[in-house]
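Protein chains in written order, with the working numbering: chain A, 2 to 352; chain B, 2 to 352. Glycine included, C-beta positions come from ideal geometry on N, C-alpha and C. What follows is one structure encoded as structure tokens, with my remarks underneath.
Protein chains: 2
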Amino acid sequence: MLKIKPTTINDVAARAGVSYQTVSRVINQHPSVSKNALERVRQAIESLNYQPSNAARHLATQRSKVIGVVSYGTVHYGPAQMLASLEQAVQGSGYSLSNVNVSDLTLEEIAGAIQTLRRQRVDGLILFAPLIGIAHTDLESLCADLPLVITDAEPQSGRAVASIDQFTGGRLAAQHLIGLGHRQIALLSGPLTWYDALLRHQGWLSALQQAGLTPVATLESDWTPASGYRATAELLESGTSFTALLAANDQMALGALRAFHERGLELPRDVSVVGFDDIPEAAFLEPPLTTVRQDFSALAQRSLDQLTACIDQPSAPRHLTMLVPELIVRSSTAAPVMKLEPHSPSLRRKP
Amino acid sequence: MLKIKPTTINDVAARAGVSYQTVSRVINQHPSVSKNALERVRQAIESLNYQPSNAARHLATQRSKVIGVVSYGTVHYGPAQMLASLEQAVQGSGYSLSNVNVSDLTLEEIAGAIQTLRRQRVDGLILFAPLIGIAHTDLESLCADLPLVITDAEPQSGRAVASIDQFTGGRLAAQHLIGLGHRQIALLSGPLTWYDALLRHQGWLSALQQAGLTPVATLESDWTPASGYRATAELLESGTSFTALLAANDQMALGALRAFHERGLELPRDVSVVGFDDIPEAAFLEPPLTTVRQDFSALAQRSLDQLTACIDQPSAPRHLTMLVPELIVRSSTAAPVMKLEPHSPSLRRKP
DNA sequence: CGGAAATTTGTGAACGATCACAGTGTATAG
DNA sequence: CTATACACTGTGATCGTTCACAAATTTCCG
Numbered sequence: 002m003l004k005i006k007p008t009t010i011n012d013v014a015a016r017a018g019v020s021y022q023t024v025s026r027v028i029n030q031h032p033s034v035s036k037n038a039l040e041r042v043r044q045a046i047e048s049l050n051y052q053p054s055n056a057a058r059h060l061a062t063q064r065s066k067v068i069g070v071v072s073y074g075t076v077h078y079g080p081a082q083m084l085a086s087l088e089q090a091v092q093g094s095g096y097s098l099s100n101v102n103v104s105d106l107t108l109e110e111i112a113g114a115i116q117t118l119r120r121q122r123v124d125g126l127i128l129f130a131p132l133i134g135i136a137h138t139d140l141e142s143l144c145a146d147l148p149l150v151i152t153d154a155e156p157q158s159g160r161a162v163a164s165i166d167q168f169t170g171g172r173l174a175a176q177h178l179i180g181l182g183h184r185q186i187a188l189l190s191g192p193l194t195w196y197d198a199l200l201r202h203q204g205w206l207s208a209l210q211q212a213g214l215t216p217v218a219t220l221e222s223d224w225t226p227a228s229g230y231r232a233t234a235e236l237l238e239s240g241t242s243f244t245a246l247l248a249a250n251d252q253m254a255l256g257a258l259r260a261f262h263e264r265g266l267e268l269p270r271d272v273s274v275v276g277f278d279d280i281p282e283a284a285f286l287e288p289p290l291t292t293v294r295q296d297f298s299a300l301a302q303r304s305l306d307q308l309t310a311c312i313d314q315p316s317a318p319r320h321l322t323m324l325v326p327e328l329i330v331r332s333s334t335a336a337p338v339m340k341l342e343p344h345s346p347s348l349r350r351k352p
Numbered sequence: 002m003l004k005i006k007p008t009t010i011n012d013v014a015a016r017a018g019v020s021y022q023t024v025s026r027v028i029n030q031h032p033s034v035s036k037n038a039l040e041r042v043r044q045a046i047e048s049l050n051y052q053p054s055n056a057a058r059h060l061a062t063q064r065s066k067v068i069g070v071v072s073y074g075t076v077h078y079g080p081a082q083m084l085a086s087l088e089q090a091v092q093g094s095g096y097s098l099s100n101v102n103v104s105d106l107t108l109e110e111i112a113g114a115i116q117t118l119r120r121q122r123v124d125g126l127i128l129f130a131p132l133i134g135i136a137h138t139d140l141e142s143l144c145a146d147l148p149l150v151i152t153d154a155e156p157q158s159g160r161a162v163a164s165i166d167q168f169t170g171g172r173l174a175a176q177h178l179i180g181l182g183h184r185q186i187a188l189l190s191g192p193l194t195w196y197d198a199l200l201r202h203q204g205w206l207s208a209l210q211q212a213g214l215t216p217v218a219t220l221e222s223d224w225t226p227a228s229g230y231r232a233t234a235e236l237l238e239s240g241t242s243f244t245a246l247l248a249a250n251d252q253m254a255l256g257a258l259r260a261f262h263e264r265g266l267e268l269p270r271d272v273s274v275v276g277f278d279d280i281p282e283a284a285f286l287e288p289p290l291t292t293v294r295q296d297f298s299a300l301a302q303r304s305l306d307q308l309t310a311c312i313d314q315p316s317a318p319r320h321l322t323m324l325v326p327e328l329i330v331r332s333s334t335a336a337p338v339m340k341l342e343p344h345s346p347s348l349r350r351k352p
């Protein structure tokens, strides 16, 4: 298990015939270095392929230049996209990312993730785990005095929050259907332990309520196409009558599409469906899916900007950023067939 | 910009009334600590919410306990899945992951990524960037004496490689179509700068050749549904006659599906399509997609096992792991309609 | 050419942990 | 009751870097 020691600042100094401090100055672009020394040190660095040790630097400067991320469900489209966007956004900012993905939304898991990141002495924290059920006081004590930006969580006073306005997104989707004339609308939610899922759900309800409607059915499933399929199949079996379905993400909408197809129902003639996310597949489904697009890279950029602001100036005021998502109308939605027609479009109306 | 200093081993020692060394022993579970001291230190750690500094530890022990990852294209399904699986796999191994996603497959980008990871003094490297065009000698000098596992790259002697056997995957897909009786097969490749794309392509060709066939068309696009759609549309416009299409991933297959739909072609009656990846959506498309499934979590686990073996014992022999992907037959493939029938299934045959 | 100012360079201590070794104190044996 | 082993505890040096300060060198001006 021999391990060859990497070259250090001293090796470079010896090679260049200067003191280690001069090398340090070159690395940190300190102005008081003579042209001569600068050149020699540069060459020594080059020829030894020297890279300064982040750990030693961190120890000496008391800043790790690492931003911690606590994520959840990165196998799903939204979180995966968010993570990739964050990675993109830190490029060139001088920071690097350290991500811990929690497999469960328990307080223990979250606490464990934060502790892992504390051991790394991260300079700040971006939380994009839906924190329903985690008391703010717990979070407070876990993060202590760490600069923190929360994503996908309820706005809390005194905390920097950057979110996509899921509530408005939900309203947008529902209003679209209502505007088309739908009055019998079923809801296919994500797991309501996710803050996003809850907010989209509440957004739907808000719009329905405003139009004097109540959902004809409320289903909850787990974001996957399979669960969306099952839930929709059950709904159809139950004989509930509806003309439109609001799904909390595109994958579940896809499962629903499949359930409709299998029963010979056509979109948008027999049912309208609105998804959420605008996954790359959405435009190419049969039919192309009307959905709500979220701008993850903008969210990532904002989160990062806010966090770095907090790090540089802890006294700075905490902002609350809300990005409004965008409704993308495609072909999975249309006006419902007139109620007066003899062959009513309502599905399997109970006898 | 005041920064409250995190608690150190000395704070704990003072609190517990012992020396810092005793605290260190408790942290590292050294046996020679009296029950009394152990208990007091534990309480001090608890009440101060102490977390040892990884950086200081790293400096003293000369091991960072970090594994570096160089990835490419993590917005796409495969790489994203691989990354999530790796994250899953390191949980509890004592290591943590540091990922750098390169935006370009140039030598400079790769070199930059590796340097970033060298500054972190990673204990080992997992490369899952398709390294076509990067000379082995370059790689050799970049990684010097770092334990290294390569994924998605050509087998190199002396290097540990863990891959999914894309070539065989491609063969499987092609053989399936050939077995069904297809003889006019078009190919829809990914960008051939990706090693995976190239290998799948070669696998297809190999199976076709073995059956005495040549592809009726060869398209190359960029993994996205949109590009798959465009390529397929162009193919249809060109009037080329074919009964089946091999796509290098499911998303491009989806784009193709859409192009067929729009022209009134039905699957699998008029055309058969095989994808690659088995994305969660695949089973719910219209029609459910026949595809080739890759086991990313197995790949991640293997890569990690190999790497840790290399780290613990650099002299250990390098293995070459090949995971065979699995053909998932669904409803997008069927035997072609008989050629003898009056209304031939071949598409837009040139006059 | 002398001396002050400015520029450049070097020295010692610190960061927070571990390692190697040298002390304690207590029990066990002769 | 002394000698020896053993369990436990503490001290100094170290890892690779930066910081604060001091020393050495150069530049400038009268």
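- Those residues of the region 228–241 of chain B placed with their C-beta closer than 7 Å to a C-beta in chain A are Tyr230, ordered along the chain.
- If only complete runs of 4 or more residues are kept, the region 37–75 of chain B shows the alpha helix (DSSP H) at 55–62, in order along the chain.
- Counting of Cβ neighbours within 10 angstroms places Gln63 (chain A) among the exposed residues, the total staying below 16.
- DSSP places Glu263 (chain A) inside the alpha helix (DSSP H), whose first and last residues are 251–263.
- The region 214–232 of chain A and the region 137–153 of chain A do not touch, with fewer than three beta-carbon pairs separated by less than 8 Å.
- With a contact defined as Cβ atoms closer than 8 Å, Thr23 (chain A) and Ala38 (chain A) qualify at about 6 Å.
- Along the region 92–107 of chain A, the positions whose C-beta sits under 9 Å from a C-beta of chain B are Gln92, Ser97, Leu98, Ser99, Asn100, Val101, Asn102, Ser104, read in chain order.
- Boundaries of the alpha helix (DSSP H) harbouring Gly113 (chain B): 108–120, taken from the DSSP string.
- The CB of Pro7 (chain A) comes closer than 8 Å to the CB of Arg119, Arg122 in chain B, given here in chain order.
- Counting only residues of its own chain and dropping the five nearest sequence neighbours on each side, Ala260 (chain B) has a CB closer than 7 Å to the CB of Tyr230, Thr233, Ala234, Leu237.
- When DSSP reads this structure, Ala218 (chain A) sits in a beta bridge with A:Ala187.
- With respect to Leu324 (chain A), Asp166 (chain A) sits close: the two C-beta atoms are nearer than 8 Å.
- Put simply, the backbone Cα of Val76 (chain A) is about 26 Å away from that of Thr169 (chain B).
- Taken through DSSP and simplified to helix, strand or coil, Thr291 (chain A) comes out as strand.
- Per DSSP, Ala198 (chain A) has no beta bridge partner at all.
- DSSP places Leu87 (chain B) in the helix class (H, G or I) of the three-state scheme.
- With a beta-carbon spacing of about 16 Å, Gly276 (chain A) and Asp296 (chain A) fall beyond the 8 Å limit used to define contacts.
- Using a 10 angstroms sphere on the CB of Val330 (chain B), the tally of other CB atoms stays under 16, which defines it as exposed.
- Put simply, of A:Asn29, A:Thr8, A:Glu40 the residue whose alpha carbon is nearest the alpha carbon of Val19 (chain A) is A:Glu40.
- Per DSSP, Asn11 (chain B) is not a residue of any beta strand (DSSP E); the alpha helix (DSSP H) it occupies stretches across 10–17.
- One finds Pro281 in chain B with Cβ atoms closer than 8 Å to the Cβ of Thr225 (chain A), taken in chain order.
- CA-CA distance, Ser86 (chain A) to Ser142 (chain B), rounds to 31 Å.
- The Cβ neighbour count for His31 (chain B), taken over all protein chains shown within 10 Å, is under 16; the residue is labelled exposed.
- In the DSSP assignment, Val103 (chain A) forms a beta bridge with A:Tyr73.
- Nearest C-alpha to Pro269 (chain A) among A:Ile280, A:His183, A:His202: A:His183.
- Restricting attention to A:Ser304, A:Gln210, A:Val272, the CA atom closest to the CA of Leu290 (chain A) is found in A:Val272.
- Contact of Pro53 (chain B) with chain A is assigned, a C-beta pair being separated by under 8 Å.
- Pairwise C-beta distances place the region 43–61 of chain B out of contact with the region 106–114 of chain B, as fewer than three of them are shorter than 8 Å.
- The residue from A:Arg172, A:Leu246, A:Ala90 with its alpha-carbon nearest to that of Pro337 (chain A) is A:Leu246.
- For Ser239 (chain A), the closest C-alpha among the options A:Ala187, A:Ser222, A:Thr138 is that of A:Ala187.
- Between the region 313–327 of chain B and the region 96–104 of chain B there are fewer than three C-beta pairs closer than 8 Å, too few to call the two in contact.
- When the Cα atoms are used, Pro80 (chain B) and Ser298 (chain B) turn out to be separated by approximately 12 Å.
- Contact with chain A is absent for Glu141 (chain B), since none of that chain's Cβ atoms lies less than 8 Å from the residue's Cβ.
- Using a CB distance cut-off of 8 Å, Arg270 (chain B) does not count as an interface residue toward chain A.
- By the neighbour-count definition (other C-beta atoms within 10 Å, threshold 16), Glu263 (chain B) is an exposed residue.
- Between Ala257 (chain B) and Leu328 (chain B) the beta-carbon gap is near 18 Å, outside 8 Å, which marks them as no contact.
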